[in-house]
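Step one of this worksheet: look at the structure below.
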Amino acid sequence: MTRDWWKHLILILGAIVIIAPFYMMVSFSFKSPGEIDRGEGGFFGHQEMMVDEHCVKLRDPNRDEVTAARPQFPGQTDNDIRATLVAQAEADCAMRPAIYNYTKAFTAAPLLRYLLNGILVTASIFVIQVVVAVPAAYALSKLKFWGREAVFALVLFCLLIPVHAIALPLYMMLAKLGLTNTYAALVVPWTISVFGIFLMRQFFMTVPDDLIDAARMDGMSELAIVWRVMLPTAIPALLAFAIFSVVAHWNDYFWPRIVVTGNRNLFTPPLGLREFKGGADGSMYGPMMASATVIVTPLIVAFLLAQKRFIEGITLSGMK
Amino acid sequence: MSIAETHTPPTKPAPSAAVQERRTAWALSAPALVLMMVILLVPVAIAVALSFTDYSLGNSGFNWVGFDNYVKLFTRSTYAKMFTATFTYVLTVVPISVGLGLGAALLINSLSRFGEVYKTIYFLPVMATLIAMAIVWEFMLHPTIGTINRTLELGCGTVIESFWPWLADGCANGMPLWLGDRQYAIWVVCFVGIWQSFGFNMVLYLAGLTSVHRELYHAAEMDGAKSGWDRFRLVTWPALGPTTVFVVTITCIRAFQVFDTIEAFYPLGAGPGKSAYVMMFAIFEKGVQQNLIGVGSAITVLFLIFVMFLTLIQRWLVERKVHYG
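Residue numbers (the working numbering), protein chains in the order written: chain Z, 386 to 705; chain V, 16 to 340.
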């Protein structure tokens, strides 16, 4: 331990740089605009009551409301009544900065909708990828047929093509079909995972043929063999692939940015964040950081809970 | 048509097992094959074809313009900036990110305790949504209220100023604008790229290190490799060869694809003086935003050539290893 002190020193310095933005993000999501501006308040901020100006403005009493309130305040002038009403509004609109930031994150933009879109798109992509890739992987690993080598060569060739790189022709094809600004546009380019086919094939190769012969003897159809015999043997590979796929598509910004223009109902979380940024004047930093925290947290928490699996899943993607 | 005929189905011989297996195989791989064609191969072909045209979405026709688009890429100053920015980014991020990944892996591997903690921390940026973290970095790099300049200003008026002229200059003439400063912009983008990616490389190297046999170190020691450096040079580094080939390739391909940070920092352009005008951003700007499909496709084709070239080198290196190994 004492001999290792310099290693720890280097690693701790590195860790500080790595953690700094996460620390700032969470910290800003708790602070009031003033504290962010002046750079004070430590990690949590002082959490002094602050008034939501926007909320007060919405409740600014007009003449009718003042008239209506007259019976409640007998003997006062309209101006006094008005002042009382404004004070009331301010009292009602006061809240702790942390609560303000997170409430704003969900109300200033439909963040919940974005999150649901993110879940829907990520889940659809993964399910379709599996439905397409697993039968193909089974055919390529366990069935003998003329042309198998050619199909596998094609798979290896397609591994060379990053989907992001061919975004422009894909975008044009979708535009020609009138599919931009639809859920389909967000999902379709990712339905084929050549890497998924490759990964599952490598895994299926290790499954003994006897298992399949036995299943055939029992009269199982080939499709039943794929889903009820092969897939259960490949759960570790499937899990790794799931992590790889979900992380990539939850975080993906480039593709949604290209095919979704303007229709906020289709925004995925990264797109929503960008829009937040576009409309942010200084006072919105707190809510923006709150949104960022909400979007980043699910994967980070999942990662912390199942580190081994995540690291395996992500690195497996590498071990082609 | 007689009744008898309709009731007796034509007697076909039952297909042999081999034929049946072939049919099943094609049926099972058909969806994947069709999608591979439509989503991967056809677009590549379209990009190649359109890179020789002046096509725009919405136009009914187009003209073949030969190599005009490619000539533009290699003669106009905008694209010169694009190549400069892209290669500056790739050639900075790849060596540093791989080096730091290896360094962190070696340090962590040699620790008896707390290694897992560092591993977890260093891997966090790989999981985090990059665009969100880019926005946080942008805020931290804010010239006046950002954390970085605030921290640097703490050093003003202390002894640190006397032996760090750069800081003294910043204290006297104002701290750098970072993202808004042409001199720093691309390097800051590189820094965020390294910050995000080296944990991934570290994890791959850690996996590689577990496969280095202990006996090899003993053997090397017998042969007189006494210092840590000798052990690294003679045993660890060669054993990590395959990992390094892979890590370098994947980092390169990812670095070529940098987009999120650039778009987050510079939504309207590509940084001061286009100093961060990388290829993916150019494809997006020319092809999608300005509807110049021809030029956009030409950049796409160049991009694909770079990436395929890199992967082929990697495969060649790996296969050579396998044959010699």
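Glycine residues also receive a C-beta, built at the ideal position from the N, C-alpha and C atoms.
Remember, it's a predicted structure, so these values are computed and weren't measured experimentally.
Spatial neighbours of residue i in its chain, beta-carbon cut-off 7 Å, leaving aside the 5 residues before and after
i: V/Thr-103; result: Ile-201
i: Z/Val-631; result: Thr-507 and Phe-511
i: Z/Leu-496; result: Ala-490, Gly-657, Ser-676 and Val-679
i: Z/Ile-685; result: none
Whole-Å CB distance - residue i paired with residue j, under 8 Å assumed
i: Z/Ala-474; j: Z/Val-441; result: 5 Å
i: Z/Tyr-568; j: Z/Val-644; result: At roughly 10 Å, the Cβ-Cβ gap does not stay under 8 Å, so Z/Tyr-568 and Z/Val-644 are not in contact.
i: V/Leu-231; j: V/Ala-240; result: The Cβ separation is near 10 Å, so there is no contact.
i: Z/Gly-671; j: Z/Leu-624; result: Incorrect: roughly 37 Å between the Cβ atoms, too far for contact.
i: V/Gln-329; j: V/Phe-261; result: 7 Å
i: V/Ala-297; j: V/Ile-314; result: 5 Å
i: Z/Ala-622; j: Z/Met-585; result: 6 Å
i: Z/Ile-404; j: V/Ile-136; result: 6 Å
i: Z/Tyr-485; j: Z/Asp-437; result: 6 Å
i: V/Trp-41; j: Z/Phe-530; result: 7 Å
i: Z/Arg-694; j: Z/Ile-628; result: 7 Å
i: Z/Ala-691; j: V/Tyr-133; result: Their Cβ separation, rounded to whole angstroms, is 18 Å, which puts Z/Ala-691 and V/Tyr-133 out of contact at 8 Å.
i: Z/Arg-533; j: Z/Leu-545; result: Not a contact, Cβ separation roughly 20 Å.
i: Z/Asn-502; j: Z/Phe-652; result: 6 Å
i: V/Thr-258; j: V/Gly-223; result: 3 Å
i: Z/Leu-470; j: Z/Ala-454; result: 6 Å
Distance CB(residue i)-CB(residue j) smaller than 9 Å
i: Z/Tyr-523; j: Z/Phe-589; result: yes
i: Z/Met-435; j: Z/Ser-417; result: yes
i: V/Val-310; j: V/Lys-87; result: yes
i: V/Met-266; j: Z/Asn-636; result: The sequence shown places Thr at residue 266 of chain V, not Met. Against a cut-off of 9 Å, the Cβ pair of Z/Asn-636 and V/Thr-266 comes out as no contact.
i: V/Phe-206; j: Z/Ala-552; result: no
i: Z/Ala-550; j: V/Val-322; result: yes
i: V/Phe-280; j: V/Gly-288; result: no
i: V/Ile-277; j: V/Ala-291; result: yes
i: V/Val-263; j: V/Val-108; result: no
i: Z/Met-673; j: V/Met-148; result: no
i: Z/Ala-521; j: Z/Arg-649; result: no
i: Z/Gly-581; j: Z/Gln-514; result: yes
i: Z/Leu-579; j: Z/Val-536; result: First, the amino acid is wrong: residue 579 of chain Z is Val here, not Leu. Result no, Cβ atoms of Z/Val-579 and Z/Val-536 do not sit closer than 9 Å.
i: Z/Gly-430; j: Z/Pro-482; result: yes
i: V/Tyr-220; j: V/Ala-64; result: no
i: V/Ala-270; j: V/Ser-312; result: no
i: V/Phe-274; j: V/Val-293; result: yes
i: Z/Met-602; j: Z/Val-614; result: no
i: V/Glu-236; j: V/Leu-194; result: no
i: V/Leu-117; j: V/Met-217; result: yes
i: V/Leu-50; j: Z/Thr-576; result: yes
i: Z/Cys-543; j: V/Leu-55; result: yes
i: V/Ile-146; j: Z/Tyr-499; result: no
i: Z/Val-516; j: V/Pro-46; result: yes
i: V/Leu-106; j: V/Pro-158; result: no
Counterpart residues of residue i in DSSP-defined beta bridges
i: V/Val-141; result: Its beta-bridge partners do not exist; DSSP assigns none.
i: Z/Val-436; result: Z/Ala-479
i: V/Pro-68; result: Rather than Pro, the amino acid found at residue 68 of chain V in this sequence is Thr. Per DSSP, V/Trp-79.
Residues near residue i by beta carbon distance below 6 Å, same chain, minus five either side
i: Z/Ile-395; result: none
i: Z/Lys-705; result: At Z/Lys-705 the pLDDT is 42, less than 50, meaning the model places this residue with poor confidence and gives no usable figure here.
i: V/Gly-130; result: Ile-123
i: V/Val-141; result: Gly-214 and Phe-215
i: Z/Arg-444; result: Ala-474
i: V/Met-16; result: Since pLDDT at V/Met-16 reaches only 41, below the 50 mark, its modelled position is unreliable, and the value read off the structure follows with that caveat. No residues qualify anywhere along the chain.
i: V/Thr-21; result: Low confidence applies to V/Thr-21: its pLDDT is 47, below 50, so where it sits in the model is not reliable enough to give any reading.
i: V/Asn-78; result: Asp-69
Chain-order list of residues whose beta-carbon lies under 8 Å from that of residue i (same chain, five-residue window excluded)
i: V/Leu-319; result: Val-59 and Ala-62
i: V/Gly-81; result: Phe-67
i: V/Met-176; result: Note on identity: in this sequence residue 176 of chain V is Glu, with Met being the wrong assignment. Cβ within range, chain order: Gly-170, Leu-182, Ala-183 and Cys-186.
i: Z/Trp-612; result: Val-519
i: V/Phe-247; result: Leu-121
Near the ligand NAP: residue i beta-carbon under 8 Å from a heavy atom
i: V/Trp-79; result: With respect to the ligand NAP, the structure offers nothing, as it holds no ligand at all.
Segments of 4+ residues assigned as alpha helix (DSSP H) that fall wholly inside the segment 609-671 of chain Z: 620-636, 639-644 and 654-663
What runs of the alpha helix (DSSP H), each 4 residues or longer, lie entirely inside the segment 144-207 of chain V? 145-155, 162-169, 175-178 and 180-188
Considering only residues of the segment 487-540 of chain Z, which uninterrupted beta strand (DSSP E) runs meet the minimum length of 3 residues and lie entirely inside it, listed in chain order? none
What are the uninterrupted segments assigned as beta strand (DSSP E) that are 3 or more residues long and contained completely in the segment 416-474 of chain Z, given in chain order? none
Taking only runs that begin and end inside the segment 92-128 of chain V, name each unbroken alpha helix (DSSP H) of 4 or more residues, in chain order. 92-124
Counting only runs of 3+ residues fully inside the segment 561-586 of chain Z, write out the beta strand (DSSP E) ranges in chain order. none
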